[in-house]
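All residue numbers for the sequence shown refer to this note's numbering, where the first residue is 256 and numbers rise by one.
Since the structure comes first, as structure tokens, the remarks are kept for the end.
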Amino acid sequence: MEFFETLHARQSVRAYQARALEPEKIEAILRAANAAPSAGNKQAYQIFAVQARAALQKLGDGRTYFDVLPLALVFCAHPARSGERFGERGAKFYCVQDATIACAYAQLAATALGLASVWLGRFDEELVCRAIGAGDDLLPIAILAIGYAAETPERKPRRTLDDLVKHV
Ligand SMILES: Cc1cc2nc3c(=O)[nH]c(=O)nc-3n(C[C@H](O)[C@H](O)[C@H](O)COP(=O)(O)O)c2cc1C
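So, in structure tokens, the structure goes:
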């Protein structure tokens, strides 16, 4: 898919087919995340690729589409990894930005591969850490649910560029 076509094709999907993902698609998504920029190239985050049904159900925390979802990627910031190089700014901000942009790359890669996804930011951090076995050196930032769509939602509107952008 052409790049701008991919950007505009992406939309949040919250209903999925009970269909497995091809391993090469999973790898391509993870490679895309790994290509993202990061502060000082520290890549101060960890990705948990969750395919185990029991862990997915815990992560879903009542969201029924997690009962059939084939893959969730959990992006966790690693504050110490960025903090050791950049101090407080690294530990507070850069690691979060590193994890966030990697998730954005992964989401667009999934779209380009014909897959659907939704970015989840509302979750219980402790529950997520327990579900994936993350240590207390990691802070979960985003869960990216990925699979084959079972719905085509209406497109969400956006602010106009006039409203969004201040030209200085
Ligand atoms: C930081 C962030 C947090 C989000 N958290 C959630 C969430 O917890 N649950 C959910 O269903 N969607 C969540 N979304 C998806 C947004 O609701 C969605 O991107 C937005 O409504 C625009 O719709 P679109 O993605 O279809 O363009 C989140 C998106 C972002 C970027």
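Where is the CB? At the ideal position from N, CA and C, for every residue including glycine.
For G342, the enclosing alpha helix (DSSP H) stretches over residues P334 to R344. Excluding residues up to 5 positions away in sequence, S267, V268, R269 and A400 lie with their Cβ nearer than 7 Å to the Cβ of V373 in the same chain.
Around the CB of V329, 16 or more other CB atoms lie within 10 Å, so the residue is classed as buried. Per DSSP, the continuous alpha helix (DSSP H) segment holding V383 begins and ends at E380 to I387. Contact check for A327 against I281 fails: the beta carbons are separated by 8 Å or more. A distance below 8 Å between beta-carbons, with the five flanking residues on each side excluded, links D391 to the following residues of its chain, in chain order: C384.
In the DSSP assignment, L314 falls within the alpha helix (DSSP H) that extends over R308 to G315. Here T366 is buried. Its C-beta has 16 or more other C-beta atoms within 10 Å.
Judged by their CB atoms, A354 and I396 are nearer to each other than the 8 Å cut-off. At least one heavy atom of ligand 1 sits closer than 7 Å to the Cβ of R377.
With contacts defined as CB atoms closer than 8 Å, Y349 and A299 qualify as a contacting pair. Between the beta-carbon of L324 and that of T261 there is about 21 Å, and that puts the pair past the 8 Å contact cut. V323 has its Cβ no nearer than 7 Å to any heavy atom of ligand 1.
The Cβ neighbour count for R336, taken over all protein chains shown within 10 Å, is at least 16; the residue is labelled buried.
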